[in-house]
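Position one of the sequence shown corresponds to residue 1244 (the working numbering), numbered consecutively onward.
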Amino acid sequence: MNNLTVVVLAAGGGTRMKSKRMKVLHELGGRSMIGHVLSAVQAMEPHRVVAVVGHQRDEVTAHIHAMLPDCVVAVQDTLDGTGGAVRVAMEALPTTSGTVVVAYGDTPLLQGETLVRFAAEHEAAQRAVSILGGVVADPFGYGRIIRNVDGEVQAIVEEKDATPEQREVREINSGILAFDAAFLSAALPRLTNDNAKGEFYLTQLVQIARDDGLHVGAHLVDDVQQTEGANDRAQLAALGAELNRRIVTRWMRDGVTVMDPATTWIDADVVLAEDVTILPGTQLLGATVVAEDAVIGPDCTLKDCEIGAGARVVRTHGELAVIGGGATVGPWSYLRPGTQLGAGGKIGAFVETKNAVIGDGAKVPHLSYVGDAEIGEGTNIGAGTVFANYDGVQKHRTTVGKHARTASNNTFVAPVEIGDGAATGAGTVVRRNVPPGALAVSTGPQRIIEGWAARRRAGTPQAEAAAAALAAAETGAQPESQPESQPAGEPAGDPARRDDGDTGG
Ligand code: UD1
Ligand code: CA
């Protein structure tokens, strides 16, 4: 586009949001409303973008600059209408040639390609003013596009200024207008505010251009819903649902299987490969990327995560985590920032991870906390292991080498290292480094105190069950009901012999 300026209006207060936060900063699909608009605007490759701010200008300006550092910000002190807002924008610019497109900061469904086609038609037709419009079932509240008997656009008449006859018109101004910059600059001072709202209407420029004998016209789009704004939270939710419906539909068209679009939420910046499958109740948020053949869900929330090809993630809450190809996660796993699971690895049920690099094929299958850790490839961490990373003051790291086998119910008191091929016994509290290939055990030998239940728990079902089992063992008969566990004898030899602890699951 030749010398294109885009003006984004965002000075209005948005009081109907009833919020501390400015209207255009409210989010849907993982971005602010104005973030969606600025993203759509980028498709036109504008020369410059000017945002007009008013209410909470500091917050809005900071937000805009975080996204678009080059954005010119113009302040509208008095909210005297859309014409007044554009005047402020034009005053902030050094030059006044080319095309100016005016958009609003609260229309999150706006598509870049719509703007591109609109601006291209405006320039090709050499118009002073072009209106992006459409025909709607209920035009209430919109400016109506008024045409003469020849069908030529004459004016935009606002709802409050319209005659009953004009109110019947269902062809509306979306609010997005394109101007010849020279005309715009020259004509803005001619706006008047002798209208129902006492404001300077930008839309009056259609009439002014006509009066000057210049070309004006409307570019009608079927999907004018994409220019809808959200004024309150109910509208925000409705637009959010519609945005999601559009995003989910687009991904399905691009080869993603979505079992239940209604319970699948995908943010605007998420990227999915072909043959990804998403099961019900799944939210893919932020900058999440999923590679081909991965199956996500049911019931996952993944924010800013990277999921490898063919990975399987079930009922998992994850943030800033990287899951390798073919790896499995869940159900009920909690992946906190800095989690990195290697290819073919496993993070299983009721496992929480944070700042944890888990190697290829390594497994943390059950009931564990892995914080500030590195686990080498092929290693298996036993059920119920806690990486005790916090000494009450500072966090420390634990390193477990390759192909290690650590047993159930271990505690690794960081900082500590467990070498390649090392092992631990069940219930071990590892406080000192374990050399490669060594076995670490820290639990004492098991003691058997015969007759304890009879003496210390006399008269209880526990004592009765024990007595019955002992009597049955003496007579060689089976007791009436089998006790849940047989009294175990001390294993011979190495006290860690039975401490395999590796659940192998
Ligand atoms: C405007 C149009 C109307 C169109 C409708 C589409 C005018 C006069 N009317 O009406 O034809 O059908 O949008 O939604 O242009 N703003 C400022 N500063 C101001 C006033 C408004 O920045 O002084 C911003 C608002 O924050 C908002 C946008 O401009 O983002 C539109 O303003 P609003 O008052 O909502 O205009 P409408 O009455 O809806
Ligand atoms: Ca409006």
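Ideal Cβ positions, reconstructed from N, Cα and C, are used throughout, including at glycine.
Could you say which of the options lies nearest to residue i if we only look at CA atoms?
i     : options                       : result
K1266 : V1292, H1298, A1294 and V1250 : H1298
I1590 : A1616, V1556 and I1399        : V1556
V1656 : L1431, K1645 and K1638        : K1638
G1588 : G1604, S1417 and G1581        : G1604
T1667 : L1358, R1648, V1533 and A1367 : R1648
P1658 : G1614, I1539, G1524 and L1522 : G1614
G1384 : D1423, Q1397, V1331 and G1472 : G1472
V1519 : G1551, R1370 and V1345        : G1551
P1679 : A1286, R1699 and T1642        : T1642
H1308 : E1395, G1278 and N1632        : G1278
V1214 : L1322, I1374, L1445 and A1537 : The structure shown does not extend to residue 1214, since the chain spans only 1244 to 1748, so no value can be given for it.
L1353 : A1714, P1337, R1489 and R1264 : R1489
G1627 : P1608, Y1633, N1652 and R1640 : N1652
L1611 : V1629, K1597, N1623 and T1622 : Reading the sequence as shown, one finds Ser at residue 1611 and not Leu. For S1611, the nearest C-alpha among the options comes from V1629.
S1262 : R1360, A1429 and L1479        : L1479
D1313 : G1324, G1326, Q1689 and P1289 : P1289
E1414 : G1376, T1435, P1432 and Y1633 : G1376
S1428 : V1412, T1357 and V1344        : V1344
A1669 : A1650, A1683, S1685 and T1654 : A1650
N1623 : D1454, V1636, D1663 and A1631 : D1663
L1271 : E1485, Q1468 and D1455        : E1485
T1492 : P1504, L1482 and A1481        : P1504
D1634 : R1674, V1392 and S1685        : R1674
E1364 : L1281, R1698 and F1422        : F1422
Grab me the residues of residue i's own chain with a C-beta within less than 6 Å of its C-beta, minus the 5 sequence neighbours each way, in chain order.
i     : result
L1527 : I1509, V1513 and L1545
R1274 : A1511
Q1409 : R1387 and V1400
V1600 : Q1583 and E1617
V1532 : V1514 and E1549
V1449 : V1372, A1398, I1399 and V1459
S1576 : T1559, I1590 and V1594
A1439 : K1403 and D1404
A1332 : V1250, V1293, V1295 and A1317
V1499 : L1515 and V1519
L1445 : T1325, G1326 and V1329
P1704 : none
L1434 : G1326, F1443 and Q1447
T1654 : V1629, A1631 and V1672
P1580 : E1562 and L1563
C1543 : T1525, V1556 and T1559
G1418 : Y1347
E1517 : G1498 and E1535
T1571 : R1555 and K1589
I1521 : V1501, T1507, I1539 and G1540
N1487 : W1508
In terms of DSSP beta bridges, what is residue i paired with?
i     : result
D1423 : T1342
N1416 : G1376
Q1583 : V1565 and V1600
L1336 : Per DSSP, none; premise fails for L1336.
K1589 : T1571 and K1606
R1274 : L1271
Q1299 : G1297
A1683 : T1667
A1309 : Partner(s): none; A1309 has no beta bridge.
K1546 : L1528 and E1562
Enumerate in chain order the residues of its own chain whose CB-to-CB distance from residue i is below 8 Å, with the five nearest sequence positions on each side excluded.
i     : result
E1620 : G1585, G1602, D1603, G1604, A1605, K1645 and H1646
T1258 : none
A1592 : G1573, P1574, W1575, S1576, P1608, H1609 and L1610
T1506 : P1523, G1524 and T1525
L1682 : A1665, A1666, T1667, G1668 and A1739
A1368 : H1458 and G1460
Between which residues of its own chain and residue i is the CB-CB distance below 7 Å, once the five residues before and five after are set aside?
i     : result
M1260 : K1266, H1269, D1475 and R1476
A1254 : V1295, V1296, G1297, H1298, Q1319, L1322 and A1328
A1425 : T1339 and S1340
N1416 : I1374, G1376, Y1385, G1386, I1388, I1399 and T1446
R1390 : V1396 and Q1397
L1431 : G1326, V1329, R1330 and M1333
Less than 9 Å between CB atoms is the rule here; does residue i satisfy it with respect to chain D?
i     : result
I1307 : Considering every chain present, this structure includes no chain D. It has just one protein chain.
Checklist line | Ordered list of beta strand (DSSP E) runs contained in the region 1452 to 1535, each at least 3 residues | finding: 1459 to 1463, 1507 to 1509 and 1525 to 1528
Next item on the list: Quick one: which unbroken alpha helix (DSSP H) runs of 4-plus residues sit fully inside the region 1339 to 1388? Chain order, please.
Entry: 1355 to 1367
Next item on the list: Please list the segments of the beta strand (DSSP E) lying wholly inside the region 1594 to 1673, counting only runs of 3 or more residues, in order along the chain.
Entry: 1594 to 1601, 1606 to 1609, 1612 to 1618, 1629 to 1631, 1641 to 1643, 1654 to 1656 and 1659 to 1661
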